[in-house]
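Okay, so the sequence shown: first residue is 254 according to this note's numbering, each after it adds one.
All residues carry an ideal CB built from backbone N, CA and C; glycine is no exception.
Computed from a predicted structure; not experimentally measured.
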Amino acid sequence: MIRILFVGDVVGRPGRDILCGRAATLRAELGLTFIVANGENAAAGSGITSAIVKQFCDAGIDAITLGDHVWDQRGFDAEIGGLERICRPANLPAAAPGRPWLLVERDGARLGVFTVLGRHFMPPRDCPFLAADRVLGELRAAGADVVLAEIHAEATSEKIAFGRYLDGRAAAVVGTHTHVPTADATVFPGGTGYITDVGMTGPYDSVLGREVQPVLHKFLDGLPRRFDVASGDVRLSGAIVEIDAATKRTASIRLVTIT
Ligand SMILES: [Fe+2]
Ligand SMILES: [Fe+2]
Numbered sequence: 254m255i256r257i258l259f260v261g262d263v264v265g266r267p268g269r270d271i272l273c274g275r276a277a278t279l280r281a282e283l284g285l286t287f288i289v290a291n292g293e294n295a296a297a298g299s300g301i302t303s304a305i306v307k308q309f310c311d312a313g314i315d316a317i318t319l320g321d322h323v324w325d326q327r328g329f330d331a332e333i334g335g336l337e338r339i340c341r342p343a344n345l346p347a348a349a350p351g352r353p354w355l356l357v358e359r360d361g362a363r364l365g366v367f368t369v370l371g372r373h374f375m376p377p378r379d380c381p382f383l384a385a386d387r388v389l390g391e392l393r394a395a396g397a398d399v400v401l402a403e404i405h406a407e408a409t410s411e412k413i414a415f416g417r418y419l420d421g422r423a424a425a426v427v428g429t430h431t432h433v434p435t436a437d438a439t440v441f442p443g444g445t446g447y448i449t450d451v452g453m454t455g456p457y458d459s460v461l462g463r464e465v466q467p468v469l470h471k472f473l474d475g476l477p478r479r480f481d482v483a484s485g486d487v488r489l490s491g492a493i494v495e496i497d498a499a500t501k502r503t504a505s506i507r508l509v510t511i512t
């Protein structure tokens, strides 16, 4: 059995602290083969830096994914090409720096990982469905045993349709970006584990990880404000996926919340 903990959008220092502080214990207690984390909000809530990538790798995170905030930290576009264990969204323009997928190996299992960005209520992108077709072919050629695909998107319909599109072709499809966990973890008929959103890893006494009052008052008066990362009720939110290594089908997928 290949057991994966996929960790939702890590937000700022509170998110980094709970992930890096718990990763080794969780790996041992849950018998995890791989830990994959979305780091798109890891640096003060927006983007990621090479120092944080190193911190995650030192904590034992096997693969780091990103989202629409991929380039928020100045200079990261020049650094990503030299970093291991991190991939940028696969349906960015082909000329974007960084690799569109990862192949990570542990305990004899080779896991392919990639992320696509959605297109509904988000800026225009290349088609995530066609990008996934291309990446799955490349991962198969590279020798991936199983594939974990991530859809980083706003619309539940787009995410579910994407999961159904990959049913039987990826072992699991996990959703991110909304920062709100959903109660729909399931295994599709073709054996693909699916959840629309695993939620964020960060402070839940917040609006999507940011302090409540500035966000609330922006809705009331429309004035621009700083949205600092909040601090209360920090949780690690993610999904645990168990994949049968022989059949490459997901045996179970469940949402996990760790406080
Ligand atoms: Fe996010
Ligand atoms: Fe996002």
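Bounding residues of the alpha helix (DSSP H) (the contiguous stretch that carries residue i)
{"i": "residue 330", "result": "329-332"}
{"i": "residue 257", "result": "Counting along the chain, residue 257 falls outside any alpha helix (DSSP H), though it belongs to the beta strand (DSSP E) covering 255-260."}
{"i": "residue 417", "result": "409-418"}
Identity of the residue in the options nearest residue i by Cα
{"i": "residue 494", "options": "353, 505, 501 and 487", "result": "505"}
{"i": "residue 338", "options": "307, 346, 423 and 405", "result": "307"}
{"i": "residue 309", "options": "343, 260 and 382", "result": "260"}
{"i": "residue 502", "options": "442, 492, 476 and 473", "result": "442"}
{"i": "residue 478", "options": "490, 463, 492 and 491", "result": "463"}
{"i": "residue 348", "options": "366, 331 and 452", "result": "331"}
{"i": "residue 390", "options": "379, 411 and 343", "result": "343"}
{"i": "residue 377", "options": "345, 359 and 497", "result": "345"}
{"i": "residue 453", "options": "267, 257 and 282", "result": "267"}
{"i": "residue 280", "options": "497, 359 and 499", "result": "359"}
Cut-off 6 Å between Cβ atoms - residues of its own chain near residue i, not counting five sequence neighbours on either side
{"i": "residue 302", "result": "296 and 326"}
{"i": "residue 488", "result": "457, 510 and 512"}
{"i": "residue 320", "result": "293, 405 and 430"}
Residue range of the unbroken beta strand (DSSP E) whose run includes residue i
{"i": "residue 427", "result": "425-429"}
{"i": "residue 494", "result": "485-496"}
{"i": "residue 405", "result": "399-405"}
{"i": "residue 464", "result": "Neither: residue 464 is in no beta strand (DSSP E) and is coded neither H nor E."}
{"i": "residue 339", "result": "Per DSSP, residue 339 belongs to no beta strand (DSSP E) and is neither H nor E."}
{"i": "residue 352", "result": "Segment: none, residue 352 is in no beta strand (DSSP E) and carries neither H nor E."}
{"i": "residue 446", "result": "446-448"}
Cβ neighbours of residue i in the same chain (closer than 8 Å, five flanking residues each side left out)
{"i": "residue 305", "result": "269, 292, 295 and 296"}
{"i": "residue 329", "result": "300, 301, 302, 303 and 323"}
{"i": "residue 458", "result": "465, 483, 484, 485 and 486"}
Contact check, residue i vs residue j, beta carbons under 7 Å
{"i": "residue 388", "j": "residue 364", "result": "no"}
{"i": "residue 405", "j": "residue 430", "result": "yes"}
{"i": "residue 401", "j": "residue 438", "result": "no"}
{"i": "residue 286", "j": "residue 403", "result": "no"}
{"i": "residue 392", "j": "residue 432", "result": "no"}
{"i": "residue 277", "j": "residue 288", "result": "no"}
{"i": "residue 451", "j": "residue 490", "result": "yes"}
{"i": "residue 381", "j": "residue 366", "result": "no"}
Cβ of residue i within 7 Å of any chain D Cβ
{"i": "residue 380", "result": "Here there is only one protein chain, and chain D is not present."}
Contacting residues, own chain, Cβ-Cβ under 7 Å from residue i (five flanking each side not counted)
{"i": "residue 290", "result": "260, 263, 272, 309, 314 and 317"}
{"i": "residue 408", "result": "371, 373 and 374"}
{"i": "residue 448", "result": "427, 428, 435, 437, 438, 492, 506 and 508"}
{"i": "residue 419", "result": "385, 402, 426 and 445"}
{"i": "residue 334", "result": "350 and 351"}
(request) For the segment 280-318, list the beta strand (DSSP E) runs that are entirely contained and at least 3 residues long, ordered along the chain. (result) 287-291 and 316-318
(message) As a quick check of your reading: which residues have a C-beta less than 5 Å from at least one non-hydrogen atom of ligand 3, in chain order?
(response) Summarising the ligand content, the structure contains ligand 1 and ligand 2 and does not contain ligand 3.
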